[in-house]
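Below is one structure, written out as C-alpha cells; the observations come after it.
Residue numbers (my numbering), protein chains in the order written: chain A, 9 to 666; chain B, 9 to 666.
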C-alpha cells in the first residue's frame, strides 16, 4: 500500500460541519491576532480558511510537532500575507517553533497575540529563519511560492521521498510572470507531486483583480500550460476534499482553482475590499459575531480531525565541508589537459570543472541554468551529473527560486546565468537571503570584457548589489551573501570549493575571456582574504576578476619606468582590507582600485576601510559611462575609462603625488 | 478613408517571389556582417527574414529616412540578437542613423560590415542611443519587447495617433514571465494596435526549446490570455501578409504565431543549432551558395516594394522645465490642509501631491503603479488625472518596461511600487538605462521603517544598486541614474520637480511613516546638492531620508551633553560632498553616516570622497543584520544596529576621539 493510499485511509469521510467550525475558529484567531498586532491581512486570511483546514488538518501527511522531518508533505504559502490563519492552525495543532530543533518549543494559541512583535517567531509574513520551520522559504513578495514548491519537489524526487507539495497562490498574485515560469518548469520536469491552489477572491490591494486574473481566466491559462485543472468553491469542504483527492491521484501537476470570498464569514467586511487594516473595538466584536452567525447558518459543529503523519522520518544532514581534489586532477577529469599545459583558461570554464569535481565528492551538489549552460559552462556538470542538473530555460526568476527550494530540500544548488540576466531575479535573491537559503549564484560574462555583444549582456551594477549584502549578518554568524570574484582558473576553482562549504548564500562572478593562470596549482584561498601578486614601494593597486590582469600589465609597464607597485587580488567580499592598507602605508599611502563595473564595489570597500583608518588615500577607477559593443575587451575598457593607458596615467599621477 | 485603409491600398497584391528574393538578399548580408564582426546570430536572423521583409518593406507605415517621426508604425525587436537582418533591411532601405536628427546620416549597405565595431552605430543588439533611432528601446535581455510595445501603444493613444506597434518575439524567449505580464496588460488596456509576432524556430541557445514553448503551446497560451491568435508558416509571404491584414482588421490585440526555421535557406547549418557562432571562409561560401539554391527553388525574383508612409508627421517635443506651484498650494490642491497645519506628512504622500501638481502643469506626466497605488499614493494622481494613470497590477517587470515605452513615446512616466518590489525589475531598469529612457522610478516603504510587515517588504540593497549608476555618464552629460532620498514633505515635493525636469532616469526613495517638515515651504533644492540642518564644532553627522530625523534626535540629545553637531541631509546622488567634508574638517575631522539600508549608500559615497581627500575620517552605520517584524520603527532600528542609543554611543565615541 503506497503512503498515498495510506493517506486516503486516514482521511475520514468529509466532515463538513467540523471543517466549517474549524475555519470559523481559526478565522476568529486571525481577527484577534491582527487586532493585537495593529496590522495584518485578516480578510485575505479568511478567504483561505477552508483551504488551510483541509490541508493542515486532513490532507497533509506531517507531524506539526516535527516540522524538521524532510519526509513530510509541505505547504508553501505563496500568498504570504494570508499567514495569520496558518499561524492560527499551527498553534491550534501545537506546531513546533524555534530557529533550530534544539531550541524547539510548541506554539500555543496564546502566542498568536504576539504576531509581528520583535520578540515573536510569528513574523508579518512567512519567515522560517525567525523560527517557524513549518515553512521552507520566506514569502511575502508575491509570485514566488510555486517556484519554491518546484525546488522542494525536485529535491524530494532526488531523495526518492514520496512527498506532496501544496502551494497556495492568490488570484491577483498570479499576474506575476514568475508564476507562469514556474508553471512551465513544473510541467517540463513532470513534478506531479506539486498541487497549486489558487484562491480567487477577486480583490487586490488597490482595486479588484483584472478579468485576466478571474477564476475562469486562471483555469484557461493553467489548462493552456498543460496542467490538470479542477474548479471548486473554496469554502465547500466536500468540493475541496475531493479536488485534493483527484490531485493526489493525477499523474500530472494539478491546479485547483478555488473561488473564495475575501473576509469570508464576516458580513460586515465582505466586499469592502478590506486589505491590511486591522479591525478593533466594535468592528472586531461585530466581526466575531458575524463569524458565529455564519457558523450557525452552516451548521458548524466542532470535531476532532485525524491528521495523517508522514510514513517515515528524514533528518537534515549536518553541515559538512566540501573538499575538492587537486586542481590538475579536476581539469584533467574535465578534459582540459590542453588548457592545463597552456596555463590559460576562462574563469567560467574553471567553474564548470570545479562543479564537476564538487559533484563527484558531494551528492548534495546540484545545478540549475537558464538556457546558457554552454556559456556559463554549467553544461560540463550536466554531462557528468545529468540527474542533478535542471534546465530552467529562459526564466531567471524561477531559476533562482527553484534553487532556494532545492536548498530547503537539503541540496547545495549552483544557479548560473549571465551576470546581467541574474538582475532579472534580484527580488528572488533578496527573498532567498531572507530564507537563509544555502544557494550559490554564479554570473558569467560579467563586466564589460565580453565586448562584442554590447551592454544588454554586460553586468555593471552586480558588484554593488551583491556587496551590499556582505557586511550584514544573516543571524547565523555569516554574511547575508558572500561575493567571490576570481581572477584566474586556480582561484575560481578554489572559490567554488569555498562556496560549496560555507553555509549560506554566495555569488561568484566569472568572465568570458580566457586568462592566464596567476597562482600555483596548490594555492589555497581563505574566506575574507585577498592575495598579493606583486610587491613594490611606490604604489598599491587593488583589483579583482579579469581586471587583475590589467593591473599586472600596468605594474609591469610602470616597472619599466622604475615605479614599483604592490598588486592585490581582492577576490572576495567581505574582505579584511588591512593587508592592502598596510601595503599602501609602505608605498606612498595611496591605493588605486581598478574595476570593470559601476561604483559600489572594490573602490567603496577599500574607501570605507581607509576612511575609517584615516591615513590612506584611495583613488578609484570604475566604468565611467554606459558601454557599447566593440571587437575586443581592450577597446571597451578604453571606451569606459579603464583602458590600459587610462590606468597607467592615473597610476603615474598618484605615484608622482607621493 | 482611415490610414489603415490607405495602408491596405498601398500594399500591392502579394509579391511572393519578390519577398523571397529580398529575404535571401538580407540573409546574405546577415551572413557576411556576422562573418565580418566575428560574432552575432545569423541563424536566428535568418529565421525572421520573411517577417522582417513583410514588416519593413510592405506593412509598416513609415519613412526609413525619418525614424524620428512619432506618427510612424514601430517595430520592437524583442528577440534582439536577431538584429543583423533588421540592420540589413534598414541599410537596404537607406534608413537614417545618428544619435540626434541633427547628426543624421543614411545607412549604406557597406556600413553593415561595421557591425559591433566600437565606432559603429550598429551595436551587437538593438541600441537606439548609439544611433539607430529606428528602435525605440534597447533589447537583448529577452522577454521585454512586448512591454515596450505596450508603452508605445499607450503613448500613441494618449496623443491620438493611429499607429501600429509590431513586436517580434522568440519562442524560447516566451518562457520569460514578463511576456505574460505584458500579454495581460495589453488586454486590460485594449491595446489592439499591438501585434505580437512569435518566431518559433524551436531552438534555444543551449538546446531545443521546451514543448511548453512550441508553436502549438504558444497558440494555446495566447488564446487563454484572450488574444486573437493566427498561426502561419513564417516563411510563407502570402500567409504572413494575410495574417498582418487580419491583425490590422482585428479590434483585439493579435498574436501571429509563425513557425520558422533557424538558419532558414542555409541547408548547411539548418538543424545544427548554430547559435552565435559566425560562419567564415568555406562555411560562409557554402552558406551563400545554399541561399542562392534556396532562391532558385522558390523562384525568387527581385522587385521593388512600395513601402507605405505615415500619413503625417509628429515631432518629439524639445526639453522643457517642469515648474511646480508653491508647496502649500499643491498640498491644498491635494486636500492635505490638515497635514499642512500639523507640518507632518509622509514623503510617500508628498509624492502623491507633487505628482498631481506635475500633472497639472505638464500633460507629458503620466503614472504607472503595480496594485499598491494606495500605499505609494500614486492613487492621488489617478483621482485627478485618471486618463494618464495606468494600473499595471502585480507585475513590476512589465510596469517598468511599459514606462520605458511610454518615455520612448514622449511621455514622462513616474513608476511606483514598494522599493522592495522594484527589485523585481532590476534588469528592466538596466535596459531602460541603456535606452536612456526618461523614466522616474519611485520606491515607497523603503528601508526598515515600515516595521510590522517584515523583511519581505523592506528594501535594503536599493540604495547601493541605484547609487551604482550615479557616477557613470549616460553619453548625454547626465548620470545613468540620479537618486533622490528626501527626508520630509517639502524636499520630497521639490525632488519630484527636479526629477520631472532633468532628462534621464531617476529614482526616488520614500518612506512609510509620517515625519515632521524640516524645511520652509519655499526651500529650493539643487541637483548634486545637500542641506545643512544643524551647525556644530564637535562632530558631523550625515544622513538621508527618514534617518535624518534620527540624526536630528541624536544631535539634540548630544547638545544636552555639550556636544554640538553638524547635521547634513544628503538627499541626492550624485552629490557634491565638499560641504560635508569641509564641515567635518572644522568639527574634529570625522563624519558619522546613518542609514536604514545595507552598505553601498551614503557611507560609501562619503568614504569615497574622504579617502580621495585623505584628511577626513568616515564612520558608517548601516543595517547590520537581516531585519524582522516589529511593532515600531524604533524597535527595528535598534534590532538592526541603527537605534537611537546605538547612534548616540557611536557619536559620543567619535566626538571623544577628537
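Beta carbons: idealized from backbone N, C-alpha and C, even for Gly.
Report the neighbours of residue i on chain A: residues whose CB is nearer than 7 Å to its CB, in chain order.
{"i": "residue 188 (chain B)", "result": "185 and 188"}
{"i": "residue 473 (chain B)", "result": "469, 472 and 473"}
Output the distance between the C-alpha atoms of residue i and residue j, rounded to the nearest integer angstrom.
{"i": "residue 640 (chain A)", "j": "residue 518 (chain B)", "result": "42 Å"}
{"i": "residue 461 (chain A)", "j": "residue 637 (chain A)", "result": "6 Å"}
{"i": "residue 39 (chain A)", "j": "residue 115 (chain A)", "result": "18 Å"}
{"i": "residue 660 (chain A)", "j": "residue 559 (chain A)", "result": "13 Å"}
{"i": "residue 13 (chain A)", "j": "residue 246 (chain A)", "result": "The pLDDT assigned to residue 13 (chain A) is 43, lower than 50, so where the model puts this residue is not dependable, and the model offers no usable value."}
{"i": "residue 3 (chain B)", "j": "residue 394 (chain A)", "result": "Since the displayed chain B opens at 9 and closes at 666, residue 3 (chain B) lies outside it and no answer follows."}
{"i": "residue 189 (chain A)", "j": "residue 410 (chain A)", "result": "11 Å"}
{"i": "residue 119 (chain A)", "j": "residue 55 (chain A)", "result": "23 Å"}
{"i": "residue 456 (chain A)", "j": "residue 123 (chain B)", "result": "18 Å"}
{"i": "residue 444 (chain B)", "j": "residue 212 (chain B)", "result": "29 Å"}
{"i": "residue 503 (chain B)", "j": "residue 363 (chain B)", "result": "11 Å"}
{"i": "residue 109 (chain B)", "j": "residue 534 (chain B)", "result": "31 Å"}
{"i": "residue 44 (chain A)", "j": "residue 368 (chain B)", "result": "42 Å"}
{"i": "residue 623 (chain A)", "j": "residue 164 (chain A)", "result": "55 Å"}
{"i": "residue 475 (chain B)", "j": "residue 576 (chain B)", "result": "18 Å"}
{"i": "residue 27 (chain A)", "j": "residue 454 (chain B)", "result": "40 Å"}
{"i": "residue 477 (chain A)", "j": "residue 643 (chain B)", "result": "21 Å"}
Look at residue i and residue j and say whether their C-beta atoms are less than 9 Å apart.
{"i": "residue 162 (chain B)", "j": "residue 413 (chain B)", "result": "yes"}
{"i": "residue 134 (chain A)", "j": "residue 105 (chain A)", "result": "no"}
{"i": "residue 272 (chain B)", "j": "residue 29 (chain B)", "result": "no"}
{"i": "residue 608 (chain B)", "j": "residue 451 (chain A)", "result": "no"}
{"i": "residue 168 (chain A)", "j": "residue 137 (chain A)", "result": "no"}
{"i": "residue 147 (chain B)", "j": "residue 172 (chain B)", "result": "no"}
{"i": "residue 226 (chain B)", "j": "residue 179 (chain B)", "result": "yes"}
{"i": "residue 353 (chain B)", "j": "residue 497 (chain B)", "result": "yes"}
{"i": "residue 402 (chain A)", "j": "residue 423 (chain A)", "result": "no"}
{"i": "residue 512 (chain B)", "j": "residue 482 (chain B)", "result": "yes"}
{"i": "residue 490 (chain B)", "j": "residue 580 (chain B)", "result": "yes"}
{"i": "residue 121 (chain B)", "j": "residue 68 (chain B)", "result": "no"}
{"i": "residue 219 (chain A)", "j": "residue 182 (chain A)", "result": "no"}
{"i": "residue 662 (chain A)", "j": "residue 627 (chain A)", "result": "yes"}
What are the partner residues of residue i, as DSSP defines its beta bridges?
{"i": "residue 263 (chain A)", "result": "A:204 and A:237"}
{"i": "residue 449 (chain B)", "result": "B:423 and B:515"}
{"i": "residue 454 (chain A)", "result": "A:467"}
{"i": "residue 540 (chain B)", "result": "B:576"}
{"i": "residue 547 (chain A)", "result": "A:573"}
{"i": "residue 216 (chain B)", "result": "B:211"}
{"i": "residue 481 (chain A)", "result": "A:487 and B:633"}
{"i": "residue 143 (chain A)", "result": "Paired residues: none, contrary to the question."}
{"i": "residue 524 (chain B)", "result": "B:352"}
{"i": "residue 492 (chain A)", "result": "A:516 and A:580"}
Quick one: list the residues of chain B neighbouring residue i, beta-carbon separation under 7 Å, in chain order.
{"i": "residue 290 (chain A)", "result": "Neighbours of residue 290 (chain A) on chain B: none; closest Cβ ~23 Å, over 7 Å."}
Can you list the residues of chain B that residue i reaches, using a CB-CB cut of under 8 Å?
{"i": "residue 482 (chain A)", "result": "633 and 634"}
Kindly list, in the order they appear in chain A, the residues whose Cβ is closer than 9 Å to that of residue i.
{"i": "residue 121 (chain B)", "result": "Correct list: empty, because the minimum Cβ distance to chain A is about 12 Å."}
For a minimum of 4 consecutive residues, which ranges assigned as the alpha helix (DSSP H) are wholly contained in the segment 87-131 of chain B?
91-100
List in chain order: all unbroken beta strand (DSSP E) runs of 3+ residues lying wholly within the segment 397-429 of chain B.
397-399 and 420-426
What residue ranges within the segment 581-645 of chain B form continuous beta strand (DSSP E) runs of no fewer than 3 residues, ordered along the chain?
598-602 and 625-629
Can you list, in chain order, the stretches of the beta strand (DSSP E) that have 3 or more residues and sit fully within the segment 162-194 of chain A?
173-178
Identify every run of the beta strand (DSSP E) within the segment 310-398 of chain A, keeping only runs that are complete inside it and at least 3 residues long; order them along the chain.
373-377
Could you pull out every unbroken beta strand (DSSP E) segment of at least 3 residues lying fully inside the segment 61-87 of chain B, listed in chain order?
82-85
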